[in-house]
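To convert a position in the sequence shown, counted from 1, into the working numbering, add 196. Where a beta carbon is used, it is the ideal one built from N, C-alpha and C, also for glycine. Remember, predicted model here, so these are calculated numbers, not experimental data. The structure appears below as structure tokens.
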Amino acid sequence: MEKTYYHLLIKQCLRKEEEELAHFCFENGALGLSEVLAFTQRDPSNYEPQTLITEKYNLEVFFDQRPEDLFFIQLKENFQFVSYSENIEPDKDWLEEWKKGFAPFELVKDIWIVPDWCEAPTAAKKIIWLEPGMAFGTGTHETTQLVAEILSQSPLRSEDVLLDVGTGSGLLCMLASHLGISHSLGIDVDSEAVRVAKENVVKNNMSSSIEISDIPLADVQQKYTWVVANIIDGVLLKLKADLLDKMEPGGFLILSGILEERWPHFQQEFIADTGLKLLECKQKGDWLGVLLHA
């Protein structure tokens, strides 16, 4: 018999009754709660979504099975303004479900991304074995593909060194190794990403050429021929000074995660006063990736 869980959406909860309602649900066997948050982005030039605190909110409640009828009677008696909807959901391993849709593919010419639960295609000359886990960076997103294309078409040398800021799964560092770069450092503020990236580097036998760390960008001491950052544009603007500081004289900076609609603002705020030369600007969907040269 298929395992299921019970999903209850309680609507129009009063903010002043928030703690009382949560306590009531847990008293009646709730496994977990999740508030359905509303967001706004007041400044369109920067990626700083803010949570809207409203007088009323919706609450998702999860049970292993439907509560007794008394629960619903007391819910309406104690919290008179709420309504609710309910569903029985299949209890799935969502990571395994996601894996079913992730197949090997060619990231750039002759270099393939192959999930480590798949067999490598015969056409794959070079392989990046990947277990992305919960880290960003499977190679399927337009922003990652933009960086990959720019890197693969750039004049990389074996003596070059690369810094990947927000490395995620470590994919771009591993691509750089396949493209001939001798040493890469991938950094991330997410401890889970660091763990996953380290495992992927070991899996691909690249530990001698790739270092993965949770060191803050500001604390990185070395200068790099190539600095790569695939992060949303508002965050790139915040990191501007540190990103520029990590470039070697005459080095290159690859940025991706820039929304097309914000490109004029980004160009003015990030590039205009730096003296960097814009060598290339590529687009996929709504996203832009750029190559800059010091």
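Distance between residue j and residue i (C-alpha atoms, nearest Å)
| i | j | result |
| --- | --- | --- |
| residue 354 | residue 377 | 5 Å |
| residue 483 | residue 435 | 19 Å |
| residue 264 | residue 386 | 41 Å |
| residue 304 | residue 344 | 7 Å |
| residue 217 | residue 299 | 44 Å |
| residue 388 | residue 478 | 30 Å |
| residue 233 | residue 336 | 28 Å |
| residue 351 | residue 229 | 52 Å |
| residue 338 | residue 266 | 50 Å |
| residue 203 | residue 319 | 45 Å |
| residue 437 | residue 369 | 22 Å |
| residue 322 | residue 283 | 46 Å |
| residue 224 | residue 213 | 17 Å |
| residue 275 | residue 269 | 10 Å |
| residue 295 | residue 285 | 20 Å |
| residue 410 | residue 390 | 7 Å |
| residue 432 | residue 349 | 23 Å |
| residue 480 | residue 340 | 10 Å |
| residue 450 | residue 308 | 21 Å |
| residue 468 | residue 476 | 15 Å |
| residue 396 | residue 289 | 22 Å |
| residue 380 | residue 207 | 50 Å |
| residue 360 | residue 215 | 43 Å |
| residue 362 | residue 280 | 40 Å |
| residue 413 | residue 366 | 16 Å |
| residue 273 | residue 254 | 18 Å |
| residue 400 | residue 460 | 39 Å |
Status (buried if at least 16 other CB within 10 Å, exposed otherwise) for residue i
| i | result |
| --- | --- |
| residue 211 | exposed |
| residue 271 | buried |
| residue 226 | buried |
| residue 474 | exposed |
| residue 356 | buried |
| residue 384 | buried |
| residue 199 | exposed |
| residue 240 | Its pLDDT being 49, under 50, residue 240 is placed unreliably in this model, and the value from its coordinates should be taken loosely. Under this definition residue 240 is an exposed residue. |
| residue 470 | exposed |
| residue 487 | buried |
| residue 250 | exposed |
| residue 252 | exposed |
| residue 485 | buried |
Integer-rounded CB distance, given that residue j should sit under 8 Å from residue i
| i | j | result |
| --- | --- | --- |
| residue 312 | residue 327 | 5 Å |
| residue 406 | residue 382 | 7 Å |
| residue 424 | residue 358 | 6 Å |
| residue 164 | residue 447 | Since the displayed the chain opens at 197 and closes at 490, residue 164 lies outside it and no answer follows. |
Identified DSSP bridge partners for residue i
| i | result |
| --- | --- |
| residue 311 | 326 |
| residue 425 | 361 and 451 |
| residue 486 | 451 and 477 |
| residue 228 | 258 |
| residue 209 | 253 |
| residue 408 | 382 |
| residue 282 | 204 |
| residue 302 | 308 |
| residue 443 | 420 |
### Query
If you pair each beta-carbon of the region 421-433 with each one of the region 447-461, do three or more pairs fall below 8 Å?
yes
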